[in-house]
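Asks:
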Amino acid sequence: MNLKQFLNEEQDPKAVEKLLEKINSLLTSQEFVEYIAVQKKPAFNLSPDCIALTNRRVIFCRPKNFGLSMDFQDYSWVDVADCHIKEGILGATFIMKTVGNLINMMDYLPKAQARKLYQYAQEIEEQMRGVRREKDLETRRASAGGGVTVNNTTPIIAQPHQFQQQPLLIENEDPFAILQKLKGLIETGIISPEEFEEKKNEILSRV
1 MNLKQFLNEE
11 QDPKAVEKLL
21 EKINSLLTSQ
31 EFVEYIAVQK
41 KPAFNLSPDC
51 IALTNRRVIF
61 CRPKNFGLSM
71 DFQDYSWVDV
81 ADCHIKEGIL
91 GATFIMKTVG
101 NLINMMDYLP
111 KAQARKLYQY
121 AQEIEEQMRG
131 VRREKDLETR
141 RASAGGGVTV
151 NNTTPIIAQP
161 HQFQQQPLLI
171 ENEDPFAILQ
181 KLKGLIETGI
191 ISPEEFEEKK
201 NEILSRV
């Protein structure tokens with residue numbers, strides 16, 4: 001991991017290096033650090049607190065035992081409802097609130113670094129709002145029984161992605177009528193193209 005890419009806003013190099021050594025072991029597959037902000041208190045601080053933003057989460061990093069250990073508090077982006085900053089004379093405070101109304105913050109951040117945190121957080125938040133909307137729609141659809149209307153005439157009740165457990169096929173039903181129902185389900189996103197093909201082949205094999 002290139003240390004220089006995290007020093008563009010005059011971050012403390014030693015603090016960043018120490019944090020990267022610790023944080024690398026926390027990163028999951030395909031996760032990488034996007035930005036690091038380092039606290040800068042007016043008084044000398046040998047082990048400053050830091051905030052690391054990855055492509056998957058916000059990590060508050062607070063050294064303990066004179067910097068010998070580190071306390072990590074991490075929050076998945078999909079659970080982050082809002083991030084904002086408050087600028088003062090001696091720096092800025094970064095404030096994060098989760099969808100469950102949990103708040104975490106860090107003060108005495110250099111203003112340039114706090115603005116970068118805010119800028120990146122806003123971009124991710126916009127993406128995550130879309131993800132949460134999708135999840136909400138899926139939850140509502142599932143709780144409503146997945147009711148779908150094909151051609152506004154024939155209601156079909158089907159649970160999303162559960163055809164393996166609850167087969168759609170009815171022995172005496174017209175195969176072509178079943179195909180029409182399946183087509184309606186794929187158009188509304190209830191089943192995937194792969195599931196459609198699998199069921200279609202199964203029906204055609206019985207014709």
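Residues 1 to 207, numbered by my numbering, are exactly what the sequence shown covers, in order.
Virtual Cβ for every residue (Gly too), placed ideally from N, Cα, C.
1) Given this structure, state the Cα-to-Cα distance separating R56 from G189, to the nearest angstrom.
2) Considering Cα atoms alone, identify which of L7, L19, D136 is closest to V78.
3) Give me the Cα-Cα distance between L27 and K40, rounded to the nearest whole angstrom.
4) I'd like the span of the alpha helix (DSSP H) that includes T139, first residue to last.
5) Could you compute how far the alpha carbon of I36 sits from the alpha carbon of I95?
6) DSSP three-state call for S76: helix, strand or coil?
7) Please name the residue or residues paired with A52 in a DSSP beta bridge.
8) Return helix, strand or coil for F196, following the three-state DSSP convention.
9) How far does the beta strand (DSSP E) with K4 in it reach, from first residue to last?
10) Report the rounded CA-to-CA distance for H84 versus S143, giving the unit in angstroms.
11) Which stretch, first to last residue, makes up the beta strand (DSSP E) that contains G184?
12) Less than 8 Å between the CB atoms is what I'm expecting for V99 and A81, so what's the real figure, rounded?
13) Residue range of the beta strand (DSSP E) that I95 falls in?
14) Hey, how far is the Cα of R115 from the Cα of I59?
15) Give me the Cα-Cα distance between L7 and V33, rounded to the nearest whole angstrom.
Replies: Judging by the given coordinates:
1) Answer to the nearest angstrom: the Cα atoms are 27 Å apart.
2) For the set L7, L19, D136, the Cα lying nearest the Cα of V78 is the one of D136.
3) Roughly 25 Å between the two C-alpha positions.
4) Its alpha helix (DSSP H) spans residues 111–143.
5) Those two C-alpha atoms are separated by around 15 Å.
6) DSSP places S76 in strand when its eight states are reduced to three.
7) BP columns for A52 point to I36, I59.
8) Three-state DSSP puts F196 in a helix.
9) It is not in any beta strand (DSSP E) - K4 carries neither H nor E in the DSSP assignment.
10) A direct Cα-Cα distance of roughly 34 Å separates H84 from S143.
11) Careful: G184 lies outside any beta strand (DSSP E), inside the alpha helix (DSSP H) at 175–187.
12) 5 Å between Cβ atoms; contact.
13) Element bounds for I95: 91–98.
14) If I take the Cα positions, the gap works out to 17 Å.
15) The straight-line gap from Cα to Cα measures roughly 13 Å.
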